[in-house]
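To convert, take the position in the sequence shown, counting from 1, and add 4; that gives the working numbering.
Worksheet: one structure, shown below.
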Amino acid sequence: MDLAKILNPQQLEAVEATEGPVLILAGAGSGKTRVITYRVAHLIENREVRPEQVLAVTFTNKAADQMKFRVRNLLRAARSGDPLISTFHSLCVRLLRREIEALHYTRDFTIYDEADQLSVVRAASKDLKVDERLVTPKTIQSRISHAKNHGKTPQNLLDDSWEPSWEYTANVFTEYEKRLRKSNALDFDDLLIRTVELFDKFPQLAEKYSTRFPYVMVDEYQDTNRMQYRLVRHLTRAHDNVCVVGDEDQSIYSWRGADIQNILSFEKDFPSVRVIKLEQNYRSTKNILAAAGAVVAHNEMRKGKALWTQNPLGEPITYMEAGDADEEAMYVADRILYHQKADPSVRIAVLYRTNFLSRVVEEKLRRYNMKYKIVGGFSFYERAEIKDMISYLTVALNPNDSVNLLRVINAPARGIGKTTTDTLEELAVEHSTSIWRAIEIAVQEARLPMRTLRALEAFYKMVAEFVEAAGELSNSALLEKIIHATKYIEVLQEEGTEESESRIENIRELLTAADESHERGEKLRDFLDYAALVSDQDAYDERSPISLMTLHTAKGLEFPVVLIMGLEDGLFPHSRSIMEAAQLEEERRLFYVGMTRAQHKLYLAAARYRRYFGNMDQQVSEPSRFLSEIPEELIEDAGEPRRRPAVKYTGGSYNTVDAVMKVLGGGEKKSAPAFKPPAGKKSAGVWTLGTRVKHAKYGYGTVLRTEGSGDEVKLTVSFINHGLKKMIAKYAELEIA
Numbered sequence: 005m006d007l008a009k010i011l012n013p014q015q016l017e018a019v020e021a022t023e024g025p026v027l028i029l030a031g032a033g034s035g036k037t038r039v040i041t042y043r044v045a046h047l048i049e050n051r052e053v054r055p056e057q058v059l060a061v062t063f064t065n066k067a068a069d070q071m072k073f074r075v076r077n078l079l080r081a082a083r084s085g086d087p088l089i090s091t092f093h094s095l096c097v098r099l100l101r102r103e104i105e106a107l108h109y110t111r112d113f114t115i116y117d118e119a120d121q122l123s124v125v126r127a128a129s130k131d132l133k134v135d136e137r138l139v140t141p142k143t144i145q146s147r148i149s150h151a152k153n154h155g156k157t158p159q160n161l162l163d164d165s166w167e168p169s170w171e172y173t174a175n176v177f178t179e180y181e182k183r184l185r186k187s188n189a190l191d192f193d194d195l196l197i198r199t200v201e202l203f204d205k206f207p208q209l210a211e212k213y214s215t216r217f218p219y220v221m222v223d224e225y226q227d228t229n230r231m232q233y234r235l236v237r238h239l240t241r242a243h244d245n246v247c248v249v250g251d252e253d254q255s256i257y258s259w260r261g262a263d264i265q266n267i268l269s270f271e272k273d274f275p276s277v278r279v280i281k282l283e284q285n286y287r288s289t290k291n292i293l294a295a296a297g298a299v300v301a302h303n304e305m306r307k308g309k310a311l312w313t314q315n316p317l318g319e320p321i322t323y324m325e326a327g328d329a330d331e332e333a334m335y336v337a338d339r340i341l342y343h344q345k346a347d348p349s350v351r352i353a354v355l356y357r358t359n360f361l362s363r364v365v366e367e368k369l370r371r372y373n374m375k376y377k378i379v380g381g382f383s384f385y386e387r388a389e390i391k392d393m394i395s396y397l398t399v400a401l402n403p404n405d406s407v408n409l410l411r412v413i414n415a416p417a418r419g420i421g422k423t424t425t426d427t428l429e430e431l432a433v434e435h436s437t438s439i440w441r442a443i444e445i446a447v448q449e450a451r452l453p454m455r456t457l458r459a460l461e462a463f464y465k466m467v468a469e470f471v472e473a474a475g476e477l478s479n480s481a482l483l484e485k486i487i488h489a490t491k492y493i494e495v496l497q498e499e500g501t502e503e504s505e506s507r508i509e510n511i512r513e514l515l516t517a518a519d520e521s522h523e524r525g526e527k528l529r530d531f532l533d534y535a536a537l538v539s540d541q542d543a544y545d546e547r548s549p550i551s552l553m554t555l556h557t558a559k560g561l562e563f564p565v566v567l568i569m570g571l572e573d574g575l576f577p578h579s580r581s582i583m584e585a586a587q588l589e590e591e592r593r594l595f596y597v598g599m600t601r602a603q604h605k606l607y608l609a610a611a612r613y614r615r616y617f618g619n620m621d622q623q624v625s626e627p628s629r630f631l632s633e634i635p636e637e638l639i640e641d642a643g644e645p646r647r648r649p650a651v652k653y654t655g656g657s658y659n660t661v662d663a664v665m666k667v668l669g670g671g672e673k674k675s676a677p678a679f680k681p682p683a684g685k686k687s688a689g690v691w692t693l694g695t696r697v698k699h700a701k702y703g704y705g706t707v708l709r710t711e712g713s714g715d716e717v718k719l720t721v722s723f724i725n726h727g728l729k730k731m732i733a734k735y736a737e738l739e740i741a
């Protein structure tokens, strides 16, 4: 295997650095997977390391399978065994099946998936008489997983509890752990936790496996959490032949427990480390790489790399500031049509920070009869929370629709379980009637326990109010009433996860869709018919070259054409990340990840006005602050193309502001960025749209709307943890943050 003919000099250095600690900082599109697979093959073929002495750990089964396939193709057929290429969780299962008896489990332990975990939480909550109106089993499950990932015990939660819901959580957590132990079961978090516990309590076992695997490699090291970090330290107890591969500029999963400090502090953990940077990019054009590098160079928490490419200069990045969300979506669809006309098979990705932004684009693509696929998620109207809201609206129009009534009878949870719905269905059959009428019968005849009857009666009265309101309120007003009465959003807020926040945003986007329906003069039936028509699968095609996905989902992928939309402050960077420096840096890394998915053409889009939270009035949006970090010479306005850079690439690098400005003829001065999206603030006294504020009770927020002037100015403020609040400025006691 003549590696010098196959790899570039930095890749070759990384492959041949087999002894001692090695940190490979692999820039976007630099051939990271290629290096890992060749390194495994080199150890076995050229260094004559026995295959079973090599351990390579990654995060996903897909990545592990791909690595196995590539390594297998590089190795000679005749060999004694295979290297262990595995995910963290699979590795832990393998170890625990052999050693877990030391922790008083049996080797045939069961692994509980999310559904099993939720079932245990539900049972424990029921036995402990947890009030689901305060905290749902789903929220408790999420809190337990978060606590375990951060090494917290039930007692830690109890010590930190500040409200009854957290006391419930701590108590259920304790009971949950008891039940898992009694069932000889582990959940997914336990696989890591118990392995680390095993090595903590029995150092000789850690020594045993460290000796067994004298060559350890870890992929995507920037995504490791606390437990994965500790596991890696245990596996290198007997030696320091550990090679970690990662890119701090692509660390975007802190909300899942990933700790960027693991990769940033690797040199402190292993002082004799050899640092190798893979800086040649094989994916993107010079313009795209320069723009992405200029953006991420504004981060402080990074090692820094000097990415470069031999690819062509390419076209400038195109920026479109649309009038509103509808125009933005039209522009996205138009650009897709443009590229497909030139090449029908060209792969195109539409990327967005939050899921709700897909709705308008999906509608435009359907209008043009363009097939597309949603990667890593569902089409807008197929998302569970949207289907729940549509079911509530349908029931408001027709309470005898039993299918939709049963969908929402316990959504969110209100103590009406399967036993109750089975009884209602039996009553409906017995009386040849609907579930709606069966509820009346059940309440009148007291066929169920008193607690269940009270829940049914409350549900019946609530839906009856919706039915009455359906004939009086607009579509959006009715939906607002449903959201308020069911406390659907409050329940999601209790979960406090990235997923629950996304679901809240989706519901608010449905409010916007209902507003638009009202403006078109549509009745409720028209709106529901439309929702039914667009939720069919006709526009879906898994083979379609058009992919819609969140920026998080796009990591690791590449496309000839990429469109990133919703580039407005509050959307991207997200409003909940703006106030914290570390979170803002992660948002910038996320933008960098999105930009570096593009091979040939990158479009950026924003809306000047956008409806937020279903408000009838469109609000002025501030263009994303990240746009101003792109040098002027690299970007053109869609309506008014800018001149392309006259200075050609001459071998400089793209990952420092100075380097970018030097290549583009701007010297090394770090002056204010030349490209400045149009200002979007409108004054209302001292308050302006987009102003960041702080409130003693509600915390940090952003001014979305102002009415009036002087002392009587009224503000609509979006608070990160408390949603929308309307207040009079002189009484609000707001501080400018």
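For every residue, glycine included, the Cβ atom is placed at its ideal position computed from N, Cα and C.
Contact under 8 Å by Cβ, Q14 with L369: no
Candidates K734, M231, H93 and L638, of which the one nearest L606 by Cα: L638
Cβ neighbours of A296 in the same chain (closer than 7 Å, five flanking residues each side left out): Y596, M599 and T600
F563: first and last residue of the uninterrupted alpha helix (DSSP H) it sits in: Not the alpha helix (DSSP H): F563 falls in the beta strand (DSSP E), residues F563 to I568.
When E636, V176, G525 and E499 are compared against T157, the one with the closest alpha-carbon: V176
Cβ-based burial, A586 [other Cβ within 10 Å; buried from 16]: exposed
Per DSSP, the bridge partner or partners of K730: T720
A462: first and last residue of the uninterrupted beta strand (DSSP E) it sits in: It is not in any beta strand (DSSP E) - A462 instead sits in the alpha helix (DSSP H) that spans M454 to A474.
The segment 405-420 in contact with the segment 363-382 per 3-pair CB rule at 8 Å: no
Which of helix, strand or coil DSSP assigns to I748: This structure gives no information on residue 748, because the portion of the chain shown stretches from 5 to 741.
Residues bridged to V124 [DSSP beta-bridge criterion]: V124 is not bridged to any residue.
Segment limits, beta strand (DSSP E) that includes V61: V58 to T62
Unbroken beta strand (DSSP E) run spanning Q603, endpoints: A602 to A611
Proximity winner among S34, I390, D86 and T501, relative to A517 (alpha-carbon distances): I390
Separation of T64 from T240, as counted between CA atoms: 22 Å
Straight-line Cα distance separating E633 from G671: For G671, the predicted structure reports a pLDDT of 36, less than 50, and the residue's modelled location is therefore unreliable. A value from the coordinates is still provided. Using only the alpha carbons, I get a separation of about 16 Å.
Beta-carbon gap between L555 and L355 smaller than 8 Å: yes
Proximal residues to I267 (C-beta, below 6 Å), its chain only, five neighbours per side dropped: Y225, Q226, G250 and E252
Cα-Cα separation, A474 to E523: 17 Å
Coarse secondary structure for Y257, derived from DSSP in three states: coil
Nearest-angstrom Cβ-Cβ length linking L608 and L631, presumed shorter than 8 Å: 7 Å
Inter-stretch contact at 8 Å, needing at least 3 Cβ pairs: the segment 15-22 / the segment 256-272: no
Every unbroken alpha helix (DSSP H) within the segment 177-217, with a cutoff of 4 residues, ordered by chain: 192-205 and 207-216
Beta carbon of K375 nearer than 8 Å to that of S548: yes
Reduced DSSP category for Q623 - H, G, I as helix; E, B as strand; rest coil: strand
6 Å Cβ shell around S464 - same chain, five flanking residues per side excluded: Looking at the sequence provided, one finds Tyr at residue 464 rather than Ser. Within the same chain, Y464 has close Cβ partners I443.
Neighbourhood of L361 by C-beta distance below 7 Å, restricted to the same chain and skipping five residues each side: M569 and G570
Cβ contact check for the segment 393-408 and the segment 477-487: 3 or more pairs under 8 Å: yes
L514 versus P403 - alpha carbon distance: 21 Å
Beta bridge counterpart(s) of R547 as assigned by DSSP: Partner(s): none; R547 has no beta bridge.
Reference I144, options Q159, R614, H154 and A174, closest by Cα: A174
At least three beta-carbon pairs within less than 8 Å, the segment 210-230 to the segment 44-64: yes
At least three beta-carbon pairs within less than 8 Å, the segment 412-429 to the segment 453-461: yes
Sub-8 Å separation of Q232 and L195 beta-carbons: no
Ordered list of alpha helix (DSSP H) runs contained in the segment 473-507, each at least 4 residues: 479-490 and 492-499
C-beta contact flag for I115 and L184 at 8 Å: no
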